[in-house]
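When you number the sequence shown by the UniProt record's numbering, it's gap-free, plus one each residue, and the end is 317.
All C-beta atoms in this analysis are idealised placements derived from N, C-alpha and C, irrespective of residue type, glycine included.
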Amino acid sequence: MSLKVFFEVVEIKTKVASIFPFIMGILFSISYFQEFHWGYTLLFFIGMIIFDMTTTAINNYMDFKKAQSQTYKYQENVIGRERLSVVKIQRMILSMLTATLVIGLILIVQTGWLMLVMGGVVCFIGVFYTYGPIPLSRMPLGELFSGVTMGLGIFAITIYLNTIEQKVFYLTLDFTEGNFSLSGQLWGILALIWASLPLIFTIANIMLANNLRDIKTDVKNHRYTLVYYIGSASGTLLFQGLMYACYVTIVIGLIFGIYTWPILIIFLTFPKISRNLREHEKSLPQPKSFAYAIKNMVLFNSSYALGLLLCIFWRVM
1 MSLKVFFEVV EIKTKVASIF PFIMGILFSI SYFQEFHWGY TLLFFIGMII FDMTTTAINN
61 YMDFKKAQSQ TYKYQENVIG RERLSVVKIQ RMILSMLTAT LVIGLILIVQ TGWLMLVMGG
121 VVCFIGVFYT YGPIPLSRMP LGELFSGVTM GLGIFAITIY LNTIEQKVFY LTLDFTEGNF
181 SLSGQLWGIL ALIWASLPLI FTIANIMLAN NLRDIKTDVK NHRYTLVYYI GSASGTLLFQ
241 GLMYACYVTI VIGLIFGIYT WPILIIFLTF PKISRNLREH EKSLPQPKSF AYAIKNMVLF
301 NSSYALGLLL CIFWRVM
């Protein structure tokens, strides 16, 4: 398998969806909690990217195995189109899962048991999102699970690793007495969850845009997503509503002191994103419609990251 084909199997271009929550987690840790640990952060980044590639490879593998359309199976799916060995794909997936496990164990030993719980939940959802007799991606839950797992899961783990001294949230286990204790800072956790909402919304919109574009193909392959149940018109309204909700979330967060005023720089993206939403609606269900979800996510979250960076500078001035 060439490197080019490998990158296509793992869809390397889509990894930006997991990189943004990671970057935002670092910036929010510094801007809100004023703490950062580069060693844990770097190690987690490596494990996160490997696992993200793993779940994408599983998705392509399962789509190939479950495909009802021979045209999709051997002309559109990269495994069938490139005539890749199924056994080699399976070994590749297992190798990447093993690497993720090793990195995860190192972080658990270094930072505590809560890393096991959070990492385990994220990995479980990530694997069964596309694997199993009824994967989550083939149900009307794909948007919810992808948004929360990546938008909140990666964001929260990054903050956990960077605030280990403050113990914003921490799990203690006493195997001798058989006791456990979960502690944390209530307002810090609520701020963390609120700050993750734009990430959840923009990542969920990627899955929603994919399902809006592929509704006919999905039905042919017995894949009944949220769009199948609510219809394309309602799905388009939801797509637009989630994007606009990102701006509302930022304003409310500013009012309650989660951010400082430089975060308002994100509103410079509002005209362009509104235009993209209109173009997205016009282009459905053409393949190019999906690109607008990526453009909006990159544009909004880039400005979000810039806003958090400016908040950091504002706090130290």
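- Query: Closest to Val316 by CA distance: which of Asn301, Gln34, Thr71 and Ala17 is it?
  - Reply: Among Asn301, Gln34, Thr71 and Ala17, the Cα nearest to that of Val316 belongs to Gln34.
- Item | Complete beta strand (DSSP E) runs within the stretch 247-309 (minimum length 3 residues, chain order) | Complete beta strand (DSSP E) runs here, min 3: none at all.
- Beta carbon of Pro285, beta carbon of Tyr229: below 8 Å? Contact: no.
- Task: To the nearest angstrom, report how far apart Leu277 and Pro287 are at their CA atoms.
- Result: So the alpha carbons of these two residues sit roughly 15 Å apart.
- Query: Of the choices Gly307, Phe270, Leu299 and Thr236, whose alpha-carbon is the least far from that of Pro262?
  - Reply: Of the listed residues, the one whose Cα sits closest to Pro262 is Gly307.
- Message: My output table needs one value for Phe22: the three-state DSSP class, helix, strand or coil.
- Response: It is helical.
- Query: Is there contact between the stretch 216-223 and the stretch 168-187, where contact requires at least three CB pairs shorter than 8 Å?
  - Reply: Judged by Cβ distances under 8 Å, the stretch 216-223 makes no contact with the stretch 168-187, as fewer than three pairs qualify.
- Message: What does the alpha-carbon distance come out to for the pair Asn205 and Ile58?
- Response: CA-CA distance, Asn205 to Ile58, rounds to 21 Å.
- What does Thr172 pair with, by DSSP beta-bridge criteria? Looking at the DSSP output, Thr172 shares a beta bridge with Ser181.
- Query: From Ala195 to Thr71, what distance separates their C-alpha atoms?
  - Reply: Approximately 43 Å, taken between the alpha carbons.
- Does DSSP put Ala67 in a helix, a strand or coil? Three-state result, Ala67: coil.
- Using three-state DSSP, classify Ile49 as helix, strand or coil. Ile49 sits in a helix when the DSSP states are folded into three classes.
- Message: Helix, strand or coil, according to DSSP, for Asp214 in the structure here?
- Response: It is coil, neither helix nor strand.
- Figure out for me which residue from Gly39, Gly80 and Ile12 has the closest Cα to the Cα of Thr56. It is Ile12 whose Cα lies nearest to the Cα of Thr56.
- Message: Count Cβ pairs between the stretch 99-118 and the stretch 14-33 that sit closer than 8 Å; are there 3 or more?
- Response: Short answer: they don't touch.
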